[in-house]
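With the first letter of the sequence shown counted as 1, position 193 gets the number 206 in our numbering; the numbers rise by one all the way through.
Here's the structure, in structure tokens; my notes come after.
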Amino acid sequence: MWLSMNYGICFISLFIFSTVVRAVPVNKESFEQYLPVQIYSEIWPPFQVKDKQGKLTGLATDHVKSAFEQADVPYHILPMRWARALNFIKLKPNALIYSISRTPERESRFHWIAKLGRVNVKLLSLKESNEVISHPSQLTNYVIALKRAEASLDYFLGLGLEPGKHIIFVNNSEQALKLLDIGRVDFYPISAETLQSSLDIIGYSSSKFKYVYYFKALSFDIYIAANKDSDLAFISYINDLFDKCALCNAADASDILRNLN
14 MWLSMNYGIC FISLFIFSTV VRAVPVNKES FEQYLPVQIY SEIWPPFQVK DKQGKLTGLA
74 TDHVKSAFEQ ADVPYHILPM RWARALNFIK LKPNALIYSI SRTPERESRF HWIAKLGRVN
134 VKLLSLKESN EVISHPSQLT NYVIALKRAE ASLDYFLGLG LEPGKHIIFV NNSEQALKLL
194 DIGRVDFYPI SAETLQSSLD IIGYSSSKFK YVYYFKALSF DIYIAANKDS DLAFISYIND
254 LFDKCALCNA ADASDILRNL N
């Protein structure tokens, strides 16, 4: 009798579960109130690039566009300053943001949709500099540039660096490179993948700079993510779009970058 009752309970549970799964919407018409999908980003070559015609492209952008266009789901990418993008995504359920680093501090703040690539962070200095860094704790003797809302801020604060004393905030990498060039800052932590694009924008030669330290702890995967208060059924649907995306599954952005180097 006990065994029969348990079989009955399992059957009923399975029936309820199957009914719930079948009830979950699986097409874009079920989410018309969220369309076009609002996606916040920034100009961050080579992952997000604005070409001469003003069209947004780049390694990560191509993945995002491919996922939505293959599924014929309308979307709208809004490039802006990164700090502003982070503020907007906090206020907009069912909106997305990319390319955002997946850190322990951010883990519970977003729904993580899909990996778009990997970034390797290195410490940049002027070529002529004789300063040697063997451990990041030594940075308390120097001044570094750091972008506003940078995910690595907590890391540097944890080393004892103080804003205004050891850290000068900038809006973008081009501004940081200019400060480095005139000696206003000693170092700038930057992803090796994005340096050349920033140099091209301001017309600097790579021969002016050199890497002096590799931040293994700061190197990270980049993702497209969603507001944490989003509709879970909608997030599941968007996850499915990326799972089925041919370009996204062919090779992630880090593989493409290795082929370019």
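The beta-carbon is built from N, C-alpha and C at its ideal position, and this holds for glycine as well.
Taking 8 Å as the cut-off, the beta carbon of H179 is found closer than this to the beta carbon of Y155.
Distance between A189 and S79, taken at the CA atoms: about 32 Å. Excluding sequence positions up to five before and after S186, its CB lies within less than 8 Å of the CB of K160, Y201, I203, T207, L208, S211, all in the same chain and listed in chain order.
Taking C-beta atoms as the reference points, A238 and I113 count as a pair closer than 8 Å. For A98, the secondary structure class from DSSP, reduced to helix, strand or coil, is helix. The segment 96-107 makes contact with the segment 240-249, as at least three CB pairs between them are under 8 Å. Secondary structure at G130: strand, using DSSP grouped into helix, strand and coil. Residues of the same chain with a CB within less than 6 Å of the CB of D199, apart from the 5 flanking positions on each side, are Y155, V156 in chain order. Per DSSP, A189 is not a residue of any beta strand (DSSP E); the alpha helix (DSSP H) it occupies stretches across 186-194.
In the same chain as L260, and ignoring 5 residues on each side of it, the C-beta atoms closer than 7 Å to its own belong to D75, H76, S79, in chain order. Distance between V132 and T116, taken at the CA atoms: about 13 Å. Shown here, S219 sits in a helix according to DSSP, grouped into three states. Residue state for S43 is assigned as helix, using DSSP reduced to three classes.
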